[in-house]
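Written below as structure tokens is the structure these notes are about.
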Amino acid sequence: MKDTSNKLLEEKLEQIALKLEKMKIAEYIELLNNPKRLLWVNFIAGLARGLGTAIGLTILFAIVLYILQRLILLNLPLISDFIAYLIQLVKANT
37 MKDTSNKLLE EKLEQIALKL EKMKIAEYIE LLNNPKRLLW VNFIAGLARG LGTAIGLTIL
97 FAIVLYILQR LILLNLPLIS DFIAYLIQLV KANT
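This note's numbering puts the first residue of the sequence shown at 37, with every later residue one more than the last.
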């Protein structure tokens, strides 16, 4: 009886150890124990996130302005006046 319960316990412990290894808990704890590395990793991640946001928004606004300029060429009365005003504002601020 004790042998089977010991084997069962060993199997469970082995399964838990494998799961912890898959979750990379050791690397995470090592990162938490090294505050300089943690700050550096978070700083680099923040830079990448900010740079990606800036580039993405620049491309998005460029596409929107391009579409708005093409809409002006269609000469739709109400929309064209509004879009022309928006483009003048953008060009005045650049």
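In this text, a Cβ means the ideal position worked out from N, Cα and C, and glycines have one as well.
All values reported here derive from a predicted model rather than from experimental measurement.
Contiguous beta strand (DSSP E) elements confined to the region 70-104 do not occur, taking only those with 3 or more residues.
Excluding the 5 residues flanking it on each side, residue 122 has same chain C-beta neighbours closer than 8 Å at 104, in chain order. At least 8 Å separates the beta-carbon of residue 75 from that of residue 68. Take the alpha-carbon of residue 114 and the one of residue 98: they are about 22 Å apart. By a beta-carbon distance limit of 8 Å, residue 107 contacts residue 116. Their separation comes to about 7 Å.
Annotation: the continuous alpha helix (DSSP H) that includes residue 67 extends over 61-68.
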